[in-house]
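Structure record follows, encoded as structure tokens.
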Amino acid sequence: YEMVEAAAGVADVAFQRQVAPEKLGKYTSQTADEYRSACKEALRAAEQQKGSAPYVVDIKYAWVSDKPVMSMTHLKTGLHDLFRNDEILADESNDRFSLNPALQSKEENKTKYELYSDRFVRVFPGYVPDERMRIRPGPETPRVNFQWIKDLLLSKDLSRNSELDWIENCKGLRFLEDEDISGNQIIFQSMPRTGNSFLRRILELTTGIYTGSDMNIDLTVHQVFSGRLAGEETIAQ
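Each residue of the sequence shown is one higher than the last, beginning at 17 in this note's numbering.
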């Protein structure tokens, strides 16, 4: 395992956070530390070969050793882990990664390459990651009262239409207030590949209320940092 040992000894780049006051991320997979080190060394080799931030496939082919075997799936998991731990930079769509400090987005040099913590603060201001790295409302995050939105959606009073103006700028209104919801509730549950997405879409089209997705947050990094997921991954769980 000479290649792994050599990779583990590579000096890390000391990135400095530009926006976030503190580190917000952490490792979320069960990947071994030695494998993460190999992923970082593969990234370093690919970036040196290309002379620019490489894609995952470039990083895969830059790793010529079979100690360890570097599959695309495990490589991407390792890279996302390194990114969430503020060890490497990633572009806005999490397709390209870098260890080059010159590419880091700063006040005087705006780029699309950021640390996880800086991007989290920029994309989701007011939110906080929980212990499972799921996006949750912070103490000052605006929330919606369930009874209010239910009454509004069921109302036939057209004069209340103006109360829906918040939809035009609904950033921050993704979570309900912390209160017990009493009364009769209808819950749908289905197994994967049995029409779950179809049922959800029918409910969304019928009610006009988006129900979100039960995809694990580890599998939706691209959607998270394009601003499309902020808690919806838990609604159907």
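By construction, the Cβ of each residue, glycine as well, lies at the ideal position given by its N, Cα and C atoms.
Small disclaimer: the values here were computed from a predicted structure and weren't measured.
Quick one: what's Ile115 bridged to in DSSP? Looking at the sequence itself, residue 115 is Leu, so the reference to Ile does not match. Paired residue(s): none; Leu115 is not in a bridge.
Do you know whose CA, among Ser213, Ile197, Ala54 and Ala58, lies nearest Asn161's CA? It is Ile197 whose Cα lies nearest to the Cα of Asn161.
Inter-stretch contact at 8 Å, needing at least 3 Cβ pairs: the region 45 to 52 / the region 144 to 151: Flag = no, the region 45 to 52 and the region 144 to 151 do not touch.
Three-state class that DSSP yields for Ile165 in the structure shown: It is helical.
Could you say which of Trp164, Asn177 and Ser175 lies nearest to Glu193 if we only look at CA atoms? Answer by Cα proximity: Trp164.
Return the first residue and the last residue of the beta strand (DSSP E) that Tyr143 is part of. Its beta strand (DSSP E) spans residues Tyr143 to Pro145.
Given this structure, state the Cα-to-Cα distance separating Gln32 from Asn177, to the nearest angstrom. Using only the alpha carbons, I get a separation of about 47 Å.
Give me the residue from Ala58, Arg100, Asp74 and Ser68 with the minimum Cα distance to Lys39. Of the candidates Ala58, Arg100, Asp74 and Ser68, the one whose C-alpha sits nearest the C-alpha of Lys39 is Arg100.
Does the distance from the CB of Lys92 to the CB of Glu108 come in under 8 Å? It is not a contact, given that the beta carbons lie outside the stated cut-off.
Buried or exposed: where does Arg60 fall if 16 or more other Cβ atoms within 10 Å of its Cβ makes it buried? Burial call: buried.
Once you ignore the five residues that flank Gly154 on each side, which residues in its own chain have a CB closer than 8 Å to its CB? Here Gly154 has Gly142, Tyr143 and Val144 as same chain residues with Cβ atoms under 8 Å from its own Cβ, once five neighbours each way along the sequence are excluded.
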